[in-house]
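This report refers to the structure that appears directly beneath it.
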Amino acid sequence: MSKREGYYIELDEMAESMLRGADFLGCGHNGIVYLLEDNKVIKIFKSKYVCKNEYDILKKTSKSKYFPQVYFHGDYYIVRSYAKGERLDYYIKKNGLNRKVAANMIRLIKEFKELGFTKLDIRCKDLYLSDDFSIKVIDPKNNYSKNCSYPRHLMKGLSKLGVLDEFLGIVKKEYSEEYREWNFKIRRYLGRGIK
Ligand SMILES: Nc1ncnc2c1ncn2[C@@H]1O[C@H](COP(=O)(O)OP(=O)(O)O)[C@@H](O)[C@H]1O
Ligand SMILES: [Mg+2]
């Protein structure tokens with residue numbers, strides 16, 4: 074449990090008992106995540122406000138297949154479903170982009186719209202890809218508090234991976250209503266001019 078150093082948080086008995094024997098999965102700026110039994114994970118937060126914000130987002134996304142299911146929560150933790158698979162950026166680095174993955178990324182952004190998000194954006198590292206190319210969001214943030222009308226960080230990530238043009242080609246076919254805006258805004262943002 075040494076990884077919990079720095080997290081001097083009083084957890085309730087339920088959380089403490091779940092953590093016994095749990096495997097460490099990863100750690101970010103806000104939380105530390107352990108794998109539990111039955112395809113569940115527990116995320117322990119440093120701040121109860123961040124925990125509440127994330128819980129409030131997950132409540133609103135509970136019917137969406139792209140987001141984790143929540144099972145229990147406390148002031149400093151959330152027990153949710155485990156996202157099997159590989160981080161999207163690692164997958165693309167190894168395998169490149171394919172049509173199915175790109176189409177699922179586009180569907181994900183459409184889902185963000187359906188869910189009433191004001192930030193239609195997410196980073197590649199917060200997306201996990203299963204064997205069947207379905208996508209799961211692991212770490213939603215500020216989706217109802219920040220504003221972004223197009224997937225800027227997502228496409229910036231694709232640009233770094235060298236697959237932005239390929240992605241935009243698929244957007245043009247699969248999501249033509251948004252193509253002009255996404256293409257214009259990301260090229261302006263990246264300072265490349267319009268192609
Ligand atoms: N559902 C999950 N499935 C697999 N790994 C996860 C899951 N949730 C979190 N992780 C791992 O834990 C790390 C930290 O979780 P994250 O929710 O991103 O915390 P933070 O809010 O601090 O950024 C992630 O980068 C990832 O490595
Ligand atoms: Mg994170």
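Reading the sequence shown from the start, the letters are residues 74 to 268 in this note's numbering. Backbone N, C-alpha and C fix where the C-beta goes; we use that ideal spot for every residue, glycine too. All values derive from a computational prediction rather than experimental measurement.
Beta-carbon proximity list for residue i, same chain, < 7 Å, skipping 5 on both sides
| i | result |
| --- | --- |
| E187 | none |
| G99 | V106 |
| L108 | A95, D96, L98, V114, Y155 |
| E251 | V244 |
Distance, residue j Cα to residue i Cα
| i | j | result |
| --- | --- | --- |
| C221 | L193 | 6 Å |
| K258 | Y223 | 8 Å |
| E127 | P213 | 7 Å |
| G169 | M87 | 42 Å |
| I243 | N216 | 25 Å |
| E254 | T134 | 26 Å |
| N256 | C124 | 35 Å |
| K132 | R261 | 35 Å |
| L263 | H226 | 11 Å |
| Y122 | S90 | 23 Å |
| S249 | K119 | 42 Å |
| D85 | E110 | 19 Å |
| D205 | Y144 | 25 Å |
| N112 | Y201 | 15 Å |
| G130 | I195 | Note that residue 130 is Ile in the sequence shown here, rather than Gly. If I take the Cα positions, the gap works out to 14 Å. |
| L92 | P141 | 19 Å |
| R180 | R265 | 26 Å |
| E247 | I182 | 12 Å |
| G189 | S207 | 21 Å |
Residue i vs residue j beta-carbon contact at 8 Å
| i | j | result |
| --- | --- | --- |
| I211 | V152 | no |
| M19 | L237 | One cannot answer for residue 19 here, as it falls past the ends of the chain, which runs 74 to 268. |
| K245 | Y139 | no |
| T191 | K219 | yes |
| R160 | K198 | yes |
For residue j and residue i, believed in contact at Cβ under 8 Å, the rounded distance
| i | j | result |
| --- | --- | --- |
| S203 | K157 | 6 Å |
| Y163 | I82 | Between I82 and Y163 the Cβ distance is about 30 Å, and since that is not below 8 Å, they are no contact. |
| G101 | I117 | Incorrect: roughly 11 Å between the Cβ atoms, too far for contact. |
Nonlocal neighbours in the same chain, by C-beta distance under 8 Å from residue i, ignoring five residues either side
| i | result |
| --- | --- |
| F240 | L170, A175, M178, M228, L231 |
| E184 | S137, Y139 |
Own chain, CB closer than 6 Å to residue i, minus 5 neighbours either side, in chain order
| i | result |
| --- | --- |
| H146 | Y128 |
In chain order, what are the residues with a CB under 5 Å from some non-hydrogen atom of ligand 2? G101, D212
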